[in-house]
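A short worksheet on the structure shown next.
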Amino acid sequence: GATSSTGRRDTRWRHPARAAFRVDPFADPAVPRDPDARLPDLDWTVEVPVTEGKFAGYTLLANAFTDEEVEAVADLLLNSGMAGFPLERRTLLVYLRGAVPAFPNGTYLIGRLRAPRSGPREGGGDGAFPAGEGSKDEQDGASFASPRSSWSEEKASAHGPVVATVGVSFSEATRRKFSSLAPPSDAAYLSDLTVFEAERGNGLGIAMLAAAERFAVDMRAPAMYLHVATKKPGVVRLYKNQGYAVRAVDPGLFGWRGRLLMRKPIA
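Numbering-wise, my numbering comes out as the position in the sequence shown, counting from 1, plus 1341.
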């Protein structure tokens, strides 16, 4: 036993686990889940308006991927330039097919574009019939022009017009392991936000992020976490503009592979 400065034996009891206990600095307040709360099912979908770029006025329709969209998600990820998932196509397909049954605790959301009911159309014009021309049914049926998407043109025959994807996880078991800056084990975590290369810079990434946050709301998650490489200041700025704050920094080895852990409360 320990001895005090007076030479007397210190007989105060100490909890044997006290020394090993650590407070998680990133932990969110414990929010008990309502056991009767209904979590999203496979029919979950959300519509997010696109507000900028050539798709302004379009709607991004987001839902969880299924076996039918595995190849589309693989194409997006492999062309993203990101790491953290298998980079060999065959291995990635196996990985993604294994992830499909993890819904809703972990999934990839996919986004498709829906054209506005009226507005500019291919071939000129403003999308409206001249006064007195065309019946109401014809005018209504003239809506839904195909989105002007390179992805749709190149991939629609195989996959449908999937233009974006993002991974969302709500448990440690449904995401990769982290050697540092690990988010809370039961927190919402976002990864692999990807837009088809030819469509980047047109507001689809922000719309897909909004879809992921809506999914987190429906999963009763109090906050969303994500990692961003420090070498991508533009991406860091984008997330800050969307309400994410830096919670911790891993500078990496001699400034190489440094990254941030960011967090946003989910209303």
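For each residue, glycine too, the CB sits at the ideal point set by N, CA and C.
Report task. Look up N1404 in the DSSP assignment and give the residues it is bridged to. Result -> Taking the sequence shown and counting its residues from 1, one reaches residue 1404 at position 63. Beta-bridge pairing links N1404 to T1386 and I1451.
Requested in this report: Determine whether the Cβ of A1440 lies closer than 7 Å to any Cβ atom of chain C.
Outcome: In the structure shown, chain C does not exist; there is a single protein chain.
Query raised in the report: Near V1590, which residues of its chain fall below 6 Å by C-beta distance, leaving aside the five closest residues on each side in sequence?
Result: Taking the sequence shown and counting its residues from 1, one reaches residue 1590 at position 249. Excluding positions up to five away in sequence, the list reads L1601.
Requested in this report: Look at the Cβ atom of V1391, then the Cβ atom of L1401, and state whether they are nearer than 7 Å.
Outcome: In the sequence shown, residue 1391 corresponds to position 50, counting from 1. In the sequence shown, residue 1401 corresponds to position 60, counting from 1. Closer than 7 Å, so yes.
Requested in this report: Can you grab the Cα-Cα spacing for the pair A1529 / R1604, in whole Å?
Outcome: Counting from one through the sequence shown, the residue named residue 1529 turns up at place 188. Counting from one through the sequence shown, the residue named residue 1604 turns up at place 263. Distance between the alpha carbons of A1529 and R1604: 10 Å.
**Report entry** Rounded separation between L1550 and F1595 - CA only
**Finding:** Looking up residue 1550 in the sequence shown gives position 209. Looking up residue 1595 in the sequence shown gives position 254. Their Cα atoms are separated by approximately 31 Å.
Report task. Pick out whichever of A1514, V1389, L1433 and L1383 has its Cα sitting closest to the Cα of E1412. Result -> Position 71 of the sequence shown, counted from the start, is the residue given in the question as residue 1412. Residue nearest to E1412 within the set A1514, V1389, L1433 and L1383 is L1433 (criterion: CA-CA distance).
Query - Buried/exposed call for V1435, threshold 16 Cβ in 10 Å - result: Looking up residue 1435 in the sequence shown gives position 94. Exposed, by the Cβ-count rule.
Requested in this report: Compute the distance between the beta-carbons of V1389 and A1557, then report whether it is under 7 Å.
Outcome: For the purposes of this step, residue 1389 is identified with residue 48 of the sequence shown, where counting begins at 1. For the purposes of this step, residue 1557 is identified with residue 216 of the sequence shown, where counting begins at 1. No, the pair does not count as a contact, with Cβ atoms beyond the cut-off.
Report task. Determine the DSSP secondary structure at G1422, reduced to helix, strand or coil. Result -> The sequence position of residue 1422 within the sequence shown is 81, counting from 1. In this structure, G1422 counts as coil in the three-state DSSP scheme.
Query raised in the report: V1441 and F1406 look like a contact to me (Cβ under 8 Å); what is the Cβ gap, rounded to whole Å?
Result: One-based indexing of the sequence shown puts residue 1441 at position 100. One-based indexing of the sequence shown puts residue 1406 at position 65. Confirmed, about 7 Å.
Query - Through-space distance from R1430 to A1415, alpha-carbon basis - result: In the sequence shown, the residue the question calls residue 1415 occupies position 74. In the sequence shown, the residue the question calls residue 1430 occupies position 89. C-alpha separation (whole angstroms): 7 Å.
Query - Anticipated Cβ contact below 8 Å, L1545 with G1447, distance rounded - result: As a working mapping, residue 1545 is identified with position 204 in the sequence shown. As a working mapping, residue 1447 is identified with position 106 in the sequence shown. Contact doesn't hold; Cβ gap of about 22 Å is too wide.
Query raised in the report: Going by the beta-carbon positions, is the gap between L1417 and T1506 smaller than 7 Å?
Result: The residue given as residue 1417 occupies position 76 in the sequence shown. The residue given as residue 1506 occupies position 165 in the sequence shown. For L1417 and T1506, yes; Cβs fall inside 7 Å.
Requested in this report: Pick out whichever of A1456, E1554 and R1516 has its Cα sitting closest to the Cα of G1584.
Outcome: Within the sequence shown, residue 1584 is the residue found at index 243, counting from 1. G1584 has its Cα closest to that of E1554, out of A1456, E1554 and R1516.
**Report entry** M1560 (DSSP reduced to helix, strand or coil)
**Finding:** As a first step, residue 1560 must be located in the sequence shown, where it is residue number 219. Coil, per DSSP.
Query raised in the report: On the three-state DSSP scale, how would you describe P1606?
Result: Position 265 of the sequence shown holds residue 1606. Strand at P1606.
Query raised in the report: What are the boundary residues of the beta strand (DSSP E) that includes V1441?
Result: Here residue 1441 refers to the residue found at position 100 when the sequence shown is read from its first residue. Neither: V1441 is in no beta strand (DSSP E) and is coded neither H nor E.
Query - Residues that S1510 bridges to, as DSSP identifies them - result: Position 169 of the sequence shown, counted from the start, is the residue given in the question as residue 1510. Answer by DSSP bridge pairing, in chain order: G1447 and Y1530.
Query - Residue range of the beta strand (DSSP E) that includes V1577 - result: Looking up residue 1577 in the sequence shown gives position 236. Careful: V1577 lies outside any beta strand (DSSP E), inside the alpha helix (DSSP H) at P1574 to N1582.
Query - Top-ranked residue by Cα proximity to A1539, from A1562, G1593, N1420 and G1439 - result: Looking up residue 1539 in the sequence shown gives position 198. With distances taken between Cα atoms, A1539 lies closest to N1420.
Requested in this report: May I ask which residues mark the beginning and end of the beta strand (DSSP E) holding V1590?
Outcome: Reading the sequence shown from its first residue, position 249 is the one you call residue 1590. Taken as a continuous stretch (DSSP letters only), the beta strand (DSSP E) holding V1590 covers A1586 to D1591.
Requested in this report: Can you grab the Cα-Cα spacing for the pair R1598 / P1592, in whole Å?
Outcome: In the sequence shown, residue 1598 corresponds to position 257, counting from 1. In the sequence shown, residue 1592 corresponds to position 251, counting from 1. Rounded to whole angstroms, R1598 to P1592 spans 7 Å at the Cα level.
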